[in-house]
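Participant:
Numbering (my numbering), first residue to last: 187 to 653.
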């Protein structure tokens, strides 16, 4: 078959900008290994503007003129949008299947009549969210149960047939690669000594919500409260930093905060890690921190690090609440810096490595072989789909309300993933606890809660309506 793929994110021969691009690479390579020809259209950038191959059957063409740098890729002149539609439509003339990675091609009329599969890699970026509401393909792939619930209770409110087209395919990890790996070439990029330093990993994109501020808080406590003077915290510098002054400003603010706290010697900013060195990188660490508020659909780094033997301390954000049971990974509520630092200090002082129970669970549930087979089945067996009918359901006195899947009851209150904050409401907590199948306005009134309060919970995203 001839398979056309779409990526709004720039792609590179030897680097991946994030987990989403890593999985696109593995899916494309797997389909090519089965004998299919794959063409990938992606965004053109100054440092990735020439076609290249990931495999003899995979041609990556950086031709799409989305706005760079990120964010707001659709903030580009209309002639560029027209050119993008033209490029995709022309390539579809000879394509048997169309795969949209991350759902960010928001023009379903272009692929009407073409067997199309869309995967949504996040629950945050506007283009992905719009792509969900514009979806008219045969199969919508989500990468966690959290993501399924999120889109069921947002897009699915208006397209009741959408859940029938959804399928969850968890991210798979190649455990033959992501395993304890002695440091070699990685030390040419990062000037640390694992025999002398307590190495903390912060392998995340330079975004406010990816946890750098929380990492600084924890490292400050490790050094000044827990008495660990040899901490070295590894922070990767964004790929193509020179093309993105906004990211440089981010790093400047981060480094100023580190300097103000007297922690400069405890942070090492290093080049973005090539794909082939990631196992060495994760293995180099003694503990990995994932403490940000970014609403992850999966969050690969936590589990790749665990696979390489390096324990993770992770905030209970979105899908991290479900991917591994609490007993198998250290979890903290968001912004609980003291507990996070104590857990990290215990790992460092005791030389802990990933438990065998955690490894067994990861290897059983998140195998790359299972992931690739299921993607291949979804793409190769896709059919041209009928249009999803829109259906409006009025909210009435009979409507029931559930706690939104992006909220959970924490010690400090109801945590809201999209507000990154806690809300204290004994009334809402009681209604959710006593009405697990959903409460009505009448149920709320019985507990003295007025309709205006029920409306507030809905409008602020603490609850979702069900018919």
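From the three backbone atoms N, C-alpha and C, an ideal C-beta is built for every residue, glycine too.
Roughly how many whole angstroms lie between the Cα atoms of residue 493 and residue 440?
Facilitator: Near 29 Å, if we compare the C-alpha coordinates of residue 440 and residue 493.
Participant: Whose C-beta lies closer than 7 Å to the C-beta of residue 139 among residues of the same chain, with five residues either side of it excluded?
Facilitator: Any question about residue 139 goes unanswered here, given that the chain covers just 187 to 653.
Participant: Report back the beta-carbon spacing between residue 386 and residue 475 to the nearest angstrom; my notes put them in contact at under 8 Å.
Facilitator: About 6 Å; that satisfies the 8 Å criterion.
Participant: Quick one: Cα of residue 366 to Cα of residue 290, how far?
Facilitator: When rounded, the distance between both Cα atoms is 36 Å.
Participant: Could you tell me which of 603, 609, 581, 597 sits nearest to residue 641, measuring between CA atoms?
Facilitator: The residue with the shortest Cα to Cα distance from residue 641 is 581.
Participant: Identify, in the order they occur along the chain, each residue of the same chain with its Cβ nearer than 8 Å to the Cβ of residue 454, setting aside the five sequence neighbours on each side.
Facilitator: Result list for residue 454: 376, 377, 378, 418, 419, 420, 421, in chain order.
Participant: Does the stretch 548-568 come into contact with the stretch 351-360, if we say contact requires no fewer than three beta-carbon pairs (one atom in each stretch) closer than 8 Å?
Facilitator: Because the criterion of three Cβ pairs below 8 Å is met, the stretch 548-568 and the stretch 351-360 touch.
Participant: So the candidates are 623, 573, 595; which of them puts its Cα closest to the Cα of residue 347?
Facilitator: Closest option to residue 347, Cα to Cα, is 573.
Participant: Flag this pair as yes or no: are the beta carbons of residue 618 and residue 530 separated by less than 8 Å?
Facilitator: Cβ atoms of residue 618 and residue 530: not closer than 8 Å.
Participant: Using DSSP's beta-bridge definition, name the partner residues of residue 248.
Facilitator: Paired residue(s): 228.
Participant: So if DSSP puts residue 538 in a beta bridge, which residue, or which two residues, is it bridged to?
Facilitator: Answer by DSSP bridge pairing: none, since residue 538 is not bridged.
Participant: Which value, in whole angstroms, describes the spacing of the CA atoms of residue 311 and residue 483?
Facilitator: In a straight line, the C-alpha of residue 311 is about 12 Å away from that of residue 483.
Participant: By the 10 Å Cβ neighbour count, where 16 or more other Cβ atoms means buried, how is residue 191 classified, buried or exposed?
Facilitator: Answer is buried; the Cβ neighbour count reaches 16.
Participant: Once the 5 residues before and after residue 271 are set aside, which same chain residues still bring their CB inside 8 Å of it?
Facilitator: The residues are 293, 296.
Participant: According to DSSP, simplified to helix, strand and coil, what is residue 607?
Facilitator: Strand, per DSSP.
Participant: Secondary structure at residue 651, three-state DSSP: helix, strand or coil?
Facilitator: Of the three classes helix, strand and coil, the one that applies to residue 651 here is strand, per DSSP.
Participant: Does residue 610 pass the burial test, meaning 16 or more other C-beta atoms within 10 Å, or should it be called exposed?
Facilitator: Flag for residue 610 reads exposed.
Participant: How many Å lie between residue 301 and residue 395 at the Cα?
Facilitator: Their Cα atoms are separated by approximately 36 Å.
Participant: Under 8 Å Cβ to Cβ from residue 628, same chain only, skipping five residues before and after it: list those, please.
Facilitator: Within the same chain, residue 628 has close Cβ partners 583.
Participant: Going straight from the alpha carbon of residue 167 to that of residue 209, what length do you get?
Facilitator: Lying before the first or after the last residue shown, residue 167 is absent from the chain, which here runs from 187 to 653.
Participant: Under a Cβ-count criterion, where at least 16 other Cβ atoms within 10 Å of its own Cβ denotes burial, should residue 286 be classed as buried or exposed?
Facilitator: So residue 286 ends up on the buried side.
Participant: Need the endpoints of the alpha helix (DSSP H) that residue 221 sits in, please.
Facilitator: First-last for residue 221: undefined, no H or E at that position.
Participant: Within 10 Å of its beta-carbon, does residue 309 have 16 or more other beta-carbons around it, so buried, or fewer, so exposed?
Facilitator: Residue 309 is buried by the Cβ-count criterion.
Participant: Please identify the residue among 230, 250, 222 whose C-alpha is closest to the C-alpha of residue 244.
Facilitator: That would be 222, whose Cα lies nearest to the Cα of residue 244.
Participant: How would you write the range of the alpha helix (DSSP H) that residue 351 sits in, first residue to last?
Facilitator: 348-351 is the span of the alpha helix (DSSP H), which, as asked, contains residue 351.
Participant: For the stretch 503-512 and the stretch 523-540, state whether three or more C-beta atom pairs, one from each stretch, are separated by less than 8 Å.
Facilitator: With the cut-off at 8 Å, the stretch 503-512 and the stretch 523-540 do not touch.
Participant: Can you find the residues in the same chain that come closer than 6 Å, C-beta to C-beta, to residue 499, ignoring five residues on each side of it along the sequence?
Facilitator: Same-chain partners within the cutoff: 475, 516, 526, 529, 530.
Participant: Taking Cβ to Cβ, would you say residue 330 is nearer than 8 Å to residue 509?
Facilitator: Cβ distance < 8 Å, so residue 330 and residue 509 count as in contact.
Participant: Going by C-alpha distance, which of 409, 389, 195, 442 is nearest residue 452?
Facilitator: Answer by Cα proximity: 409.
Participant: Which residue's Cα is closest to the Cα of residue 587: 333, 206, 339?
Facilitator: Selected option, being the one with the closest Cα: 339.
Participant: Under three-state DSSP, which class holds residue 435?
Facilitator: DSSP places residue 435 in helix when its eight states are reduced to three.
Participant: Helix, strand or coil for residue 382, going by three-state DSSP, please let me know.
Facilitator: In the structure shown, residue 382 sits in coil (DSSP, three-state: anything other than H, G, I, E or B).
Participant: Would you be able to state if there are at least three C-beta pairs under 8 Å between the stretch 274-284 and the stretch 254-264?
Facilitator: Not touching, per the Cβ criterion.
Participant: Just reading off the beta strand (DSSP E) that residue 599 is part of, what are its end residues?
Facilitator: Residues 599-602.
Participant: What runs of the beta strand (DSSP E), each 3 residues or longer, lie entirely inside the stretch 446-473?
Facilitator: Correct list: 453-456.
Participant: Quick test of your reading: residue 519 and residue 596, contact by CB under 8 Å. State the CB separation rounded to the nearest angstrom.
Facilitator: That belief holds up - the Cβ atoms of residue 519 and residue 596 are roughly 5 Å apart, short of 8 Å.
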